[in-house]
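In this note's numbering, the protein residues as written are 3 to 135. Even glycine gets a Cβ: it sits at the ideal position worked out from N, Cα and C. Okay, so here's the structure we're looking at.
Structure, rendered in structure tokens:
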């Protein structure tokens, strides 16, 4: 898969769509492993505590919550090659690293919310383009 991810606020939704469209070319499969809505939703669900913390401004640092999302993505990737391909091609781990190293809390918060919406967009486009449950 060869979608270039820049994660800019102007195009992150388009990038989420491009990742899913690119994956659709293989019928959402890597070898015999197929990506399902439930697997993508598991990735999305792991962002909820992070999203809620930012929206309610409960923290001065979100590093532990970012780490939890990263750990879940790595774990889910280890269980299924199709999930691993999605995590890799969508740049999830790279984006989380970039967010984690952001020093300015306001910028970090904006990027976290953008990341959560990026994940939501991938679920939506997966459904739109005919991914399986």
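Taking DSSP's pairing of strands, which residues face residue 32 in a bridge? 35
Would you check if the distance between the CB atom of residue 128 and the CB atom of residue 42 is smaller than 7 Å? yes
What number of angstroms, rounded off, separates the C-alpha of residue 97 from the C-alpha of residue 9? 8 Å
Expressed to the nearest angstrom, what Euclidean distance is found between the alpha-carbon atoms of residue 45 and residue 135? 14 Å
Can you tell me whether residue 72 is buried or exposed? The criterion is at least 16 other CB atoms within 10 Å of its CB, across all chains shown. buried
My assumption, with CB atoms under 8 Å, is that residue 107 sits in contact with residue 54. Please give the rounded CB distance. Their Cβ separation, rounded to whole angstroms, is 16 Å, which puts residue 107 and residue 54 out of contact at 8 Å.
CB contact flag (residue 75, residue 37, <7 Å): no
CB-CB under 7 Å to residue 5, same chain, minus the five flanking residues each way: which ones, in chain order? 17, 20, 21, 24, 91
Nearest to residue 65 by alpha carbon, out of 101, 31, 93? 101
By the DSSP assignment, the alpha helix (DSSP H) with residue 82 in it spans what residues? First-last for residue 82: undefined, no H or E at that position.
Under 8 Å Cβ to Cβ from residue 68, same chain only, skipping five residues before and after it: list those, please. 52, 98, 101, 102, 114
Determine the DSSP secondary structure at residue 134, reduced to helix, strand or coil. strand
Quick check on the burial criterion: 16 or more other C-beta atoms within 10 angstroms. Buried or exposed for residue 94? buried
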